[in-house]
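Report on the structure given below.
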Amino acid sequence: MRHGPGVRRIVRIMTGMDRPRRLRRTPALRRLVAETTLEPRHLVLPMFVADGLDEAREIGSMPGVYQHSMDSLRKAAVEAVTAGVGGLMLFGVPRPEDKDPTGSLASDPQGILNRGLRALADEVGDATVVMADTCLDEFTDHGHCGVLAADGSVDNDATLERYIAMSLAQAEAGADLLGTSGMMDGQVGAIRAGLDAAGRVDTAILAYAAKYASAFYGPFREAVASSLQGDRRTYQQDPANRREAARELDLDLEEGADIVMVKPAMSYLDILREVADRSTVPVAAYQISGEYSMITAAAQNGWIDRRGAILESLMGIRRAGADIVLTYWATEAAHWLSS
Ligand code: PBG
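The sequence shown begins at -10 in our numbering and counts up one residue at a time.
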């Protein structure tokens, strides 16, 4: 007698096959077979230091995240490093009146970001990786990531000169790793050459290989008091494109990137997986401000379990291929993971 497919399947189940639930039965079994790990060292904390603050100021659209004064920056850095995070990524917020068309303060040793980097290097530099945002948008009065040409467009090659000057100041201030977030063509190669020519062969580059023009950066614009009108679509990538990310990756690797990054994270997990599969260097992903704010707001409303959602989001980013995850929850999650 011949059996149909339904019966064959029942027989298989009855003879002991096809029972993946067996490995989910107890916490010990689940721990034994877990494929992905999430550890404090995988997490990097992005931080903001603002000029002219006496104490930390909470960012309205990112409850729990602060613009730091020099003192509170040091304290928060020590807390993060004590919790075991892998590194700190610093952004600077100058006074509005100090911004100008070329973002002069970005390359000034006395500019807020370079002062903040020196404070971090001094306070925790021996115990963690100090990273700097190497981009002009916080420092330009028009808010773009580069300098403008006469017609108002962002001038790629003139911007590279500014990035080189900025990266030398950041290396001098004690940054171990420079985060090239501006999406100018040739930025990694230009900065690498500039660093090498100045004898800074040991300063590493975290290349934002695939950075998309995203609506989820919204809260960050408040965090850094951005002056931007309009958008960044002439330099950041179109969310429609996947192949283009592979091209950007290849270029950054050729130009000497030491680590590559995908940003944002959660809406781009397919890109992250592809970059992780192709990359010959470690891969990072940035869980950005809007991702933070969405989970925070839903949790504040009692709509989702905060801790569960945070850890699941971070695990998802790791599972998609990130060796390193930049997240505003780095310190808190590191505490959870080590307790
Ligand atoms: C630009 C920069 C941005 C972020 C990091 N670097 C904003 C932008 O591209 O508009 C966003 C980070 C976040 O949203 O958390 N230098």
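The C-beta atom is built at its ideal place from N, Cα and C for all residues, glycine as well.
With fewer than 16 other beta carbons inside 10 angstroms of its own, Met6 counts as exposed. The beta carbon of Pro52 is closer than 6 Å to those of Thr285 in its chain, skipping five residues each way along the sequence.
Rounded to the nearest whole angstrom, the C-alpha separation of Glu28 and Ile277 is 19 Å.
Judged by the Cβ position, Phe37 fails to qualify as a neighbour of the ligand PBG at the 7 Å threshold, every heavy atom of the ligand being at least this far. For Thr91, no alpha helix (DSSP H) run applies, since DSSP gives it neither H nor E.
In this structure, Gly81 has its CB at a distance of at least 7 Å from all heavy atoms of the ligand PBG. Ile260 places its beta carbon less than 8 Å from that of Arg231.
The distance from the Cβ of Ala202 to that of Gln226 is about 7 Å, consistent with a contact at the 8 Å cut-off. Here the region 54 to 66 does not lie against the region 137 to 150, with fewer than 3 beta-carbon pairs under 8 Å apart. Boundaries of the alpha helix (DSSP H) harbouring Pro208: 207 to 212, taken from the DSSP string.
Contact annotation: the region 39 to 53 touches the region 208 to 221, with at least three C-beta pairs closer than 8 Å. The DSSP-derived three-state label of Ile101 is helix.
Inclusion of Gly279 in the 7 Å shell around the ligand PBG follows from its C-beta lying nearer than that to a non-hydrogen atom of the ligand. In the DSSP assignment, Arg236 falls within the unbroken alpha helix (DSSP H) covering 232 to 244. In this structure, Arg10 lies away from Asp40, with their beta-carbon atoms at least 8 Å apart. For Tyr197, the uninterrupted beta strand (DSSP E) run begins and ends at 193 to 200, by DSSP.
By the C-beta density criterion, Pro90 is exposed, having fewer than 16 other C-beta atoms within 10 angstroms.
When DSSP states are grouped into helix, strand and coil, Ile48 belongs to the strand group. Nearest C-alpha to Tyr317 among Leu77, Glu24, Arg14: Leu77. For Ala162, the uninterrupted alpha helix (DSSP H) segment begins and ends at 145 to 162.
The region 246 to 272 contains, as complete alpha helix (DSSP H) runs of 4+ residues, the segments 258 to 267 (chain order). Rounded to the nearest whole angstrom, the CA to CA distance from Gly132 to Arg107 is 25 Å. Distance between Arg104 and Ala17, taken at the CA atoms: about 48 Å. For Thr169, the enclosing beta strand (DSSP E) has its first and last residue at 166 to 169. Contact between Val82 and Glu127 holds, with the beta-carbon distance rounding to 6 Å and staying under 8 Å. Relative to the ligand PBG, the beta carbon of Ser170 is positioned inside 7 Å of a heavy atom.
Rounded to whole angstroms, the gap between the alpha carbons of Leu315 and Tyr275 is 5 Å.
Remark: C-beta atoms of Ala246 and Val270 approach each other more closely than 8 Å. The beta carbon of Gln289 lies closer than 6 Å to none in the same chain, with the five residues before and after it left out. Checking the 7 Å criterion, the Cβ of Asp126 is within range of a heavy atom belonging to the ligand PBG. For Ala66 and Val118, the gap between their C-alpha atoms comes out near 11 Å. Look at Asp7 here: in three-state DSSP terms it is coil, with no helix or strand label. For the set Gly75, Ile153, Asp220, the Cα lying nearest the Cα of Ser142 is the one of Asp220.
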